[in-house]
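Quick notes on the structure that follows.
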Amino acid sequence: MKTKIVIIDDHQLFREGVKRILDFEPSFEVVAEGDDGEEALEIVETHKPDVVIMDINMPKVNGVEATKQLIEANPEAKVIILSIHDDENYVTHALKTGARGYLLKEMDADTLIDAVKVVADGGSYLHPRVTHNLVNEFRRLATANGQASNQPLQPEIRRPLHILTRRECEVLQMLADGKSNRGIGEALFISEKTVKNHVSNILQKMNVNDRTQAVVVAIKNGWVEVK
Ligand SMILES: [Mg+2]
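Following UniProt numbering, the numbering of the sequence shown begins with 1 at its first residue and continues without gaps.
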């Protein structure tokens, strides 16, 4: 079974370039093309593609609007947005529509092929530069939060993944959710005794006396999500 792809872009030359790259891949088949978001719904309805590649800037209905409509009509639709903007605002706005991918038009052929494969497979794909910008933004926010907080981190407490195992982090989150040992055991499919062992390891590693203290420290440091 080939991956069926639809390309929606108002620039014919660009569309042809994308099509040529995708057609070169034996497992891909470009089944239709469109030159405006206006047609996207109808094209998708007719051709039932696995992946839709959608330009943002188009004259009548832009790609963000078209993606929104497409995903409202068919929540399973897998859309990769094409854009010239690597700006975080654009990316966030586009991803809010439910798009699974975001590519910059300056991409190379391999990036395009990877993105289609990953998204067809049910994953998400961001252009490497977009990922880089998001990571920088995240770091900036994290640093800003750290400076704003007048509660300096205790030196002996570091990021939890450095001291806690992944499983211990899960247990810590569930402690913060107010779950009992039994509830945690049921959620993680482990015995209550194993939960107790995890909890005592967490307390020891975090250098606190009880689970409440562990939760308080974890919340203060942003190690758990407060739901
Ligand atoms: Mg365009």
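A virtual CB, placed ideally from N, CA and C, is assigned to each residue, including glycine.
- For Asp-110, the three-state secondary structure derived from DSSP is helix.
- The set of residues with a C-beta under 6 Å from any non-hydrogen atom of ligand 1 comprises Asp-9, Asp-10, His-11, Asp-55, Asn-57 and Met-58, given in chain order.
- In this structure, the beta-carbon distance from Glu-168 to Ile-202 falls below 7 Å.
- Excluding its 5 nearest sequence neighbours in each direction, Leu-112 has C-beta neighbours in its own chain below 8 Å: Val-18, Ile-21, Leu-22 and Leu-103, listed in chain order.
- Setting aside the 5 residues that flank it on each side, Lys-179 is surrounded in the same chain by Ala-187, each with a C-beta closer than 8 Å to its C-beta; the list follows chain order.
- Annotated three-state conformation of Met-1 is coil, per DSSP.
- Membership of Val-79 in the beta strand (DSSP E) is indicated by the continuous run 79 to 83.
- If you ignore the 5 residues before and after Ile-7, its C-beta comes within less than 7 Å of the C-beta of Arg-15, Val-18, Lys-19, Val-30, Glu-33 and Ile-53, all in its own chain and listed in chain order.
- If you draw a straight line from the Cα of Leu-41 to the Cα of Thr-92, it is about 22 Å long.
- In the structure shown, Glu-33 falls within a strand segment according to DSSP collapsed to helix, strand and coil.
- Our two residues, Leu-134 and Leu-95, have alpha carbons roughly 13 Å apart in a direct line.
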